[in-house]
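As structure tokens, then:
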């Protein structure tokens, strides 16, 4: 179980003025639950995910995983990055092994696990290809295989399908649904797509614009397993329409903030 | 009948980079013959002088002295230069401490520090190696530093998310990512080391090829001067050519395996 309690984060720019990214977020994610964080860009979704990942720390509040406070990255979590973050000089096989290698797993076991996950994400035969030789969708499959190869309980996905075209995106979503059906990992998935959130999540958490707070928690009562045809079902469009109407209420304020720098750029 | 394209592949007479040399040599030969200046002998005479010089045991001895100083000086620069550059890139405090001095040493002509070497080591091999180090060390530090510093932040974050410790982060992410830049630094450093070798020999230590060049110049023996020049150019070319082995090894499939999968 992930318990996010009163997380506040403010970024300081070079001139000393702060940009409040998170304004006190409370959220509990149950084991095996698939939660999508949805909100306008720059609302601190990614920041919240990074705090849970242990890659950055909250100014106030804390995150508990299994009752213990997060103090840094841990073997119970792995992250899938928006820009894939693959090693450009390493082939698919090495990239998938990377997480296992960092955790000191024995080479023979490492190879075996990597091959298994390369197959699971549909990249068999591409083991010796380099990232630059792969499409965006395939690169993110490598990122996913790398994250799953370390067998985490929690998968933290930071807008993982934003950098690929919309057709590939749908395919990746379908595969992730199938994978989740099988693996039942706890997933925290950041997105700004309402369609994606409803397609994937057990629960959608809507954040307000900066400084981000939880505006609403919405259960997605669509049954699992969830085939791609679920989009045709009236409840699906009802849910996405509802989320859109809620986001629209934030729009006027959002537009005035468009000129400001998004929080990702300051997060270095 | 089907004709395959590759059967018509013409045999290339010369690799592209040899053409400028060929043209240069032709102009040199013509100028030498037509102008009739004693200071500019034709290329063929210079080449003859080169072979004559190479055959003499005196020249061989000095050549060996020069080359061994070059290898020692550049080797020390490469090992310690890459190490210092990596440390500066990795630790902000070390960089803050030394960055200014790196700039100072890079900007100032290396020969001005020679009197200090001279005072310690006198005229001889150690001074000569010291000059070569002064010429090549700092530029290798600078390239390594900038390579290490420009590592993709998102890769560092990725490695940390998988719990990478400092050692693994450095060996698996920082070093491979800085490697192309380090190789450029080594090449520039090697070129400067050759310069340092000749400058040091001609103006300070009076040994090796530089000393031969200087005495030949003083005795006004143009063919010999040009012949020595060709020897120096060959040393530089061979030295830089040998250095190309490093990227070839590290970027070959086998080298990649070594770099990536073991440990």
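Residue numbers (our numbering), protein chains in the order written: chain A, 6 to 273; chain B, 11 to 273.
We put the beta carbon where it would ideally sit given N, CA and C, even for glycine.
This one's a predicted model, so the numbers in the text were calculated from it and none came from an experiment.
#### Entry: Nearest to residue 62/B (by Cα), restricted to the options 237/B, 252/B, 132/B
With distances taken between Cα atoms, residue 62/B lies closest to 237/B.
### Where residue 119/B sits in the DSSP three-state scheme
Note: residue 119/B maps to coil in three-state DSSP.
### Query
Given a limit of 7 Å on CB to CB distance, which residues of the segment 153 to 173 of chain B reach chain A?
Residues of the segment 153 to 173 of chain B with a Cβ closer than 7 Å to any Cβ of chain A, in chain order: 163, 164, 165, 167, 168, 169, 170, 171, 172, 173.
### Query
Using a C-beta cutoff of 7 Å, does residue 100/B count as contacting chain D?
As a matter of chain content, chain D is missing from the structure shown, whose protein chains are A and B.
### Task
For residue 108/A, return the contacting residues in chain B, with the cut-off set at a CB-CB distance below 8 Å.
Simply 172, 173.
### Message
So with CB distances below 8 Å, who are the chain A contacts of residue 178/B?
### Response
Within 8 Å Cβ-Cβ: 106, 107.
#### Entry: Partners in chain B for residue 83/A, counting only beta-carbon separations shorter than 9 Å
What residue 83/A touches in chain B: 171, 172.
### Query
Given residue 276/A, which residues of its chain have a CB within under 6 Å of its CB, disregarding the five upstream and five downstream residues?
This structure gives no information on residue 276/A, because the portion of chain A shown stretches from 6 to 273.
### Task
Closer than 7 Å, Cβ to Cβ, to anything on chain B: give me those residues from the segment 140 to 151 of chain A, in chain order.
When C-beta distances to chain B are compared with 7 Å, every residue of the segment 140 to 151 of chain A stays at or above that value.
### Query
Can residue 89/A and residue 10/A be called in contact, C-beta distance under 7 Å?
Contact flag unset, no.
### Message
Tell me which residue opens and which closes the alpha helix (DSSP H) that residue 69/B is part of.
### Response
Going by DSSP, residue 69/B is part of the alpha helix (DSSP H) stretching over 67 to 100.
### Query
Is the beta carbon of residue 163/A sitting closer than 7 Å to the one on residue 86/A?
At the C-beta level, residue 163/A and residue 86/A come within 7 Å of one another.
### Message
At the 7 Å Cβ level, is residue 186/B part of the contact set with chain A, yes or no?
### Response
Judged by the 7 Å Cβ criterion, residue 186/B is in contact with chain A.
### Query
Just curious, the alpha helix (DSSP H) that residue 187/A is in, first and last residue?
Here the alpha helix (DSSP H) through residue 187/A covers 171 to 188.
### Query
Using the beta-carbon count (16 or more within 10 Å), is residue 248/B buried or exposed?
Taking all protein chains in view, the Cβ of residue 248/B is surrounded by fewer than 16 other Cβ atoms within 10 Å, so the residue is classified as exposed.
### Query
Considering only C-alpha positions, which residue in the set 139/A, 45/A, 166/A, 153/A is nearest to residue 120/A?
In terms of Cα proximity to residue 120/A, the closest of 139/A, 45/A, 166/A, 153/A is 153/A.
### Task
Look at the Cβ atom of residue 87/B, then the Cβ atom of residue 147/B, and state whether they are nearer than 7 Å.
Yes. Within cutoff.
### Chain-ordered neighbours of residue 94/A on chain B, where CB pairs are closer than 7 Å
Chain B residues near residue 94/A: 186.
### beta strand (DSSP E) segments (min. 3 residues) lying fully within the segment 103 to 170 of chain A
Segments of the beta strand (DSSP E) lying fully in the segment 103 to 170 of chain A: 159 to 163.
### Message
Run through chain B and tell me which residues come within less than 7 Å of residue 80/A, C-beta to C-beta.
### Response
Result: 173.
### Task
Report the rounded CA-to-CA distance for residue 214/B versus residue 75/B, giving the unit in angstroms.
If you take the alpha carbons of residue 214/B and residue 75/B, they lie about 15 Å apart.
### Task
Could you name the residues of the same chain whose beta carbon sits closer than 7 Å to that of residue 252/A, not counting the 5 residues immediately before and after it, in chain order?
Cβ neighbours of residue 252/A beyond the five flanking positions: 45.
### Message
By alpha-carbon positions, which one of 196/B, 205/B, 230/B, 220/B ends up nearest to residue 92/B?
### Response
Of all alpha-carbon atoms in 196/B, 205/B, 230/B, 220/B, the one lying nearest the alpha-carbon of residue 92/B is that of 196/B.
#### Entry: Proximal chain B residues relative to residue 60/A, where beta-carbon distance stays under 7 Å
Those within 7 Å of residue 60/A in chain B are 167, 170, 171.
### Message
Tell me the DSSP secondary structure of residue 272/A in three-state form.
### Response
With a pLDDT of 41 at residue 272/A, under the threshold of 50, the predicted position of this residue should be treated as unreliable, though the coordinate-derived value follows. Residue 272/A carries a coil assignment under DSSP once its states are collapsed to helix, strand and coil.
#### Entry: Sufficient close CB pairs (3 or more, under 8 Å) joining the segment 234 to 253 of chain A to the segment 47 to 54 of chain A
The segment 234 to 253 of chain A, when compared against the segment 47 to 54 of chain A, does not touch it at the 8 Å Cβ threshold.
### Task
Determine the burial state of residue 126/B: buried for a count of at least 16 other Cβ atoms within 10 Å of its Cβ, exposed for fewer.
Around the C-beta of residue 126/B, fewer than 16 other C-beta atoms lie within 10 Å, and the residue is accordingly described as exposed.
### Message
Does the CB of residue 88/A have a neighbour CB from chain B at under 7 Å?
### Response
Yes, residue 88/A counts as interfacial toward chain B.
### DSSP state of residue 156/B mapped onto helix, strand, coil
Residue 156/B falls in the helix class under three-state DSSP.
### Query
If you run the structure through DSSP and keep just helix, strand and coil, what is residue 273/B?
At residue 273/B the pLDDT is 40, less than 50, meaning the model places this residue with poor confidence; the figure from the coordinates comes in the next sentence. In this structure, residue 273/B counts as coil in the three-state DSSP scheme.
### Message
Between which residues of its own chain and residue 133/A is the CB-CB distance below 8 Å, once the five residues before and five after are set aside?
### Response
For residue 133/A, where only same-chain residues beyond five positions count, the Cβ hits under 8 Å are 96, 97, 98.
### Message
Please report the straight-line C-alpha distance between residue 92/A and residue 81/B, rounded to a whole angstrom.
### Response
If you take the alpha carbons of residue 92/A and residue 81/B, they lie about 34 Å apart.
### Query
Are residue 253/B and residue 200/B closer than 7 Å when you measure CB to CB?
Yes, these two residues count as a Cβ contact at 7 Å.
### Task
Classify residue 120/B as buried or exposed, calling it buried when 16 or more other Cβ atoms lie within 10 Å of its own Cβ.
The residue in question, residue 120/B, is buried, as its Cβ has 16 or more Cβ neighbours within 10 Å.
### Query
What three-state label does DSSP hand residue 25/A in the structure shown?
Strand at residue 25/A.
### Task
Take every Cβ of the segment 177 to 184 of chain B, pair it with every Cβ of the segment 34 to 47 of chain B, and state whether three or more of those distances are shorter than 8 Å.
No: the two stretches stay apart, fewer than three of their Cβ pairs being nearer than 8 Å.
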